[in-house]
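> Let me give you the structure first, and then I'll get to my questions.
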Amino acid sequence: MVVAFSVLVFVGAFLAAVGVIAATVAPQWRRIVSLASGNPEPAFAPLSQLASAERRIAVRRWASAPIPAAVRRLRAAA
Numbered sequence: 005m006v007v008a009f010s011v012l013v014f015v016g017a018f019l020a021a022v023g024v025i026a027a028t029v030a031p032q033w034r035r036i037v038s039l040a041s042g043n044p045e046p047a048f049a050p051l052s053q054l055a056s057a058e059r060r061i062a063v064r065r066w067a068s069a070p071i072p073a074a075v076r077r078l079r080a081a082a
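Mind the numbering: the sequence shown is residues 5 to 82 in the working numbering, read in order.
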């Protein structure tokens, strides 16, 4: 009886571990197979994308900022 209970406990733990590993690997299986077959991943460069996005945001803010009244008067006077 104790042996049967022990076997059930270890089989349950084994199945739980296999399930967790399968749930972890399943979403990435194409990437894993691609890497295993020798295909390199494309370079990940988030900083260059971030820098270009920051420049776009800065230009939009600069372009949409209202002209201060003092500058407007100077332009009108010229």
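Backbone N, C-alpha and C define an ideal beta-carbon position, used for all residues, glycine too.
Mapping the DSSP letters down to three states, classify residue 42 as helix, strand or coil.
Of the three classes helix, strand and coil, the one that applies to residue 42 here is coil, per DSSP.
> Could you please give the first and the last residue of the uninterrupted alpha helix (DSSP H) stretch that includes residue 17?
Counting along the chain, the alpha helix (DSSP H) containing residue 17 begins and ends at 6-29.
> Which value, in whole angstroms, describes the spacing of the CA atoms of residue 24 and residue 47?
Cα-Cα distance, rounded: 29 angstroms.
> State the DSSP-derived secondary structure class of residue 50, mapped to helix, strand or coil.
Helix.
> To which residues of the same chain is residue 35 closer than 8 angstroms at the C-beta, ignoring the five residues directly before and after it?
Only 45 meet the Cβ criterion.
> Note down the Cα distance separating residue 76 from residue 43, rounded to an integer number of angstroms.
In a straight line, the C-alpha of residue 76 is about 59 angstroms away from that of residue 43.
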